[in-house]
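Notes follow the structure.
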Amino acid sequence: MKVKYELDKFIEYIEKQNISESTKRNYMTMVESFLEFVEGNVNTDSVKKWLKKIKESYKPTAWRQYFVPLRSFLQRFYPLVYSEVVEDLKVPYKKAEYEMINYLDFWKLYKEAEKMAKKGNEKYVLLVGLAGLLGLKSGEIVKLKGTDIKGNEIYLENGNFVVEIVPPIDKWLKKYEGKDEYLISTSEGLPVKPSYLALMLRGLQKKVDLRLKKPLSVEILRNVAVARQVIAQPSLPYVMDLFKYSSTKTIEDIARYISESGDLRTILSIEVVDNLNPVLEFFNKLSIPVRKVGSAYIVSRTAYIKRGEKFSRLNTLFLVRNLDKWQEFIENLGYEVKRRNKENFFIFLVGKLRVAFLELDEI
99 MKVKYELDKF IEYIEKQNIS ESTKRNYMTM VESFLEFVEG NVNTDSVKKW
149 LKKIKESYKP TAWRQYFVPL RSFLQRFYPL VYSEVVEDLK VPYKKAEYEM
199 INYLDFWKLY KEAEKMAKKG NEKYVLLVGL AGLLGLKSGE IVKLKGTDIK
249 GNEIYLENGN FVVEIVPPID KWLKKYEGKD EYLISTSEGL PVKPSYLALM
299 LRGLQKKVDL RLKKPLSVEI LRNVAVARQV IAQPSLPYVM DLFKYSSTKT
349 IEDIARYISE SGDLRTILSI EVVDNLNPVL EFFNKLSIPV RKVGSAYIVS
399 RTAYIKRGEK FSRLNTLFLV RNLDKWQEFI ENLGYEVKRR NKENFFIFLV
449 GKLRVAFLEL DEI
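Converting from the sequence shown to this note's numbering requires adding 98 to each position, the first position being numbered 1.
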């Protein structure tokens, strides 16, 4: 009875997720095998016994197909158990060699494309914005017309899929709203082929001297759009639904890239407390992982700092690589940065919000 009860709960949950039928079946099968092994008794010990069995029975290359469905089940129904086994659920992997560009490199591309647009050639800024900010695919971009733009939204697939328009591409897209013409077209007004977009991006890549292992593509730019959402840390199903992914692999690869090579690693809100002990004791009682970085204790995307300690007057903290380039970028946006010689951080005001960018080797 316990097995059936637990499995029925998971089936009801997974049926509502925007993933392929084959993925759903795989998730159900794997979770069912887990529940039968533990006889429906889900706790830290039973999960660890199951993981031990899988690791002893299969090669690491096969672990993912067992671990990902179990991770989904535990996160949804047993979050405290999940917090205790999250390290055990990690699958060994080679360092990600993913087709990505850094955040600052993307804005270098966008800035160059916008320069061209101001001189009358808007194709490039539309392409970079549609792919890198909105996450559109090549096939969607070449079919896009002004009539698909309505207010702050783009309607794709005959209105079956809606994409929200965000700054700064909004001002360029607004010019085409309601017009019965392709946003990127030939001189005769006909739609271009996806291969034409690839040629455009190669030309733009050379113009800004961006060196990549592979030619710049719409897919590489689209990964930037996915990375923006990963940094914001909504739920995994939300990101999958937003970009129409049927599995978690691409999103996980992008998250690894951000961790290993990304120039924008994470964004933390600052919570200042007079006494850290009750806070740390609370998280320890829940077995929620706490990371100590300098004088801060980090849980999820919040840094808890004792009043009077370094950074305790901040509201938001960006953890980055390439601090000098970030400083140049922020100053070009018009903000006055304060940074002492050889410091690994700088601070500035956004209205009354105190923001810092901090460069760290590990987190």
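C-beta atoms are modelled at their ideal positions from N, C-alpha and C, and glycine is treated no differently. All of these numbers come straight from a predicted model, not from anything done at the bench.
For residue i, tell me which candidate among the options has the shortest Cα-Cα distance.
i: Lys221; options: Leu299, Met126, Asp186; result: Leu299
i: Ser398; options: Ile352, Ser181, Phe135; result: Ser181
i: Gly392; options: Ser385, Val223, Leu417, Leu202; result: Leu417
i: Tyr208; options: Ser118, Leu187, Lys305, Gln163; result: Lys305
i: Glu238; options: Leu224, Tyr402, Gly138, Leu254; result: Leu254
i: Ser144; options: Met126, Val179, Arg452, Tyr164; result: Val179
i: Leu384; options: Thr142, Tyr433, Ile109, Lys114; result: Thr142
i: Asn256; options: Thr159, Asp246, Glu262; result: Asp246
i: Ser410; options: Tyr343, Ile368, Leu340; result: Ile368
i: Arg419; options: Pro387, Asp203, Phe175; result: Asp203
i: Val226; options: Ala211, Arg326, Glu379; result: Ala211
i: Arg438; options: Lys102, Lys450, Thr159, Leu421; result: Leu421
i: Asn258; options: Ala296, Leu340, Lys114; result: Leu340
i: Val140; options: Val183, Glu110, Pro158; result: Val183
i: Arg326; options: Ser345, Ile356, Leu297; result: Ile356
i: Arg363; options: Lys146, Phe165, Ala330, Val189; result: Ala330
i: Ile403; options: Glu429, Trp424, Leu374, Gln425; result: Leu374
i: Leu451; options: Leu288, Ser155, Leu415; result: Leu415
i: Lys408; options: Ile386, Glu441, Trp424, Phe427; result: Glu441
i: Val322; options: Leu105, Ile445, Ala296, Glu197; result: Glu197
i: Asp372; options: Ala296, Gly406, Leu366; result: Gly406
Just the C-alpha distance for residue i and residue j, rounded to the nearest angstrom, thanks.
i: Arg354; j: Glu286; result: 44 angstroms
i: Arg123; j: Leu431; result: 49 angstroms
i: Tyr336; j: Val328; result: 10 angstroms
i: Arg412; j: Phe443; result: Checking the sequence shown, residue 412 turns out to be Leu, not Arg. Their backbone Cα atoms lie some 12 angstroms apart in a straight line.
i: Phe381; j: Val290; result: 55 angstroms
i: Val324; j: Ser315; result: 15 angstroms
i: Trp270; j: Lys312; result: 28 angstroms
i: Leu302; j: Ser236; result: 16 angstroms
i: Lys107; j: Phe455; result: 43 angstroms
i: Ile152; j: Leu187; result: 11 angstroms
i: Glu134; j: Lys150; result: 15 angstroms
i: Ile282; j: Arg309; result: 26 angstroms
i: Leu234; j: Tyr343; result: 13 angstroms
i: Lys206; j: Pro376; result: 45 angstroms
i: Tyr217; j: Glu317; result: Contrary to the premise, residue 217 reads as Lys rather than Tyr in this sequence. Distance between the alpha carbons of Lys217 and Glu317 is about 27 angstroms.
i: Val189; j: Thr348; result: 15 angstroms
i: Phe165; j: Val435; result: 45 angstroms
i: Lys273; j: Asn219; result: 13 angstroms
i: Pro167; j: Glu358; result: 25 angstroms
i: Gly360; j: Ile352; result: 9 angstroms
i: Arg174; j: Lys157; result: 27 angstroms
i: Tyr516; j: Ala215; result: Residue numbering for the chain in the displayed model covers 99 to 461; residue 516 lies beyond these limits and cannot be assessed.
i: Pro292; j: Val240; result: 7 angstroms
i: Ala160; j: Gln425; result: 44 angstroms
i: Ala401; j: Phe446; result: 18 angstroms
i: Ser333; j: Ile396; result: 19 angstroms
i: Tyr176; j: Gln115; result: 18 angstroms
Less than 8 angstroms between the CB atoms is what I'm expecting for residue i and residue j, so what's the real figure, rounded?
i: Leu232; j: Ile267; result: 7 angstroms
i: Leu242; j: Tyr280; result: 7 angstroms
i: Phe132; j: Trp148; result: 5 angstroms
i: Met55; j: Ile117; result: Given that the chain is displayed from residue 99 to residue 461, the structure contains no residue 55 and the question cannot be resolved.
i: Arg320; j: Ala229; result: 5 angstroms
i: Glu262; j: Glu251; result: 6 angstroms
i: Asp278; j: Gly249; result: Not quite, the Cβ-Cβ distance comes to about 17 angstroms (not below 8 angstroms), so this is no contact.
i: Leu378; j: Val388; result: 6 angstroms
i: Glu137; j: Lys100; result: 7 angstroms
Can you tell me which residues form a DSSP beta bridge with residue i?
i: Val371; result: Lys404
i: Tyr395; result: Lys390, Tyr402
i: Ile365; result: Phe416
i: Ala454; result: Leu415, Ile445
i: Lys436; result: Ile445
i: Ile247; result: Ile252
i: Pro289; result: Ser283
Please go through the segment 252 to 282 and give each complete beta strand (DSSP E) segment of 3 or more residues, from N-terminal end onward. 259 to 262
Contained alpha helix (DSSP H) runs [length at least 4] in the segment 160 to 224, N- to C-terminal order: 177 to 183, 201 to 216
Counting only runs of 4+ residues fully inside the segment 111 to 157, write out the alpha helix (DSSP H) ranges in chain order. 119 to 136, 142 to 155
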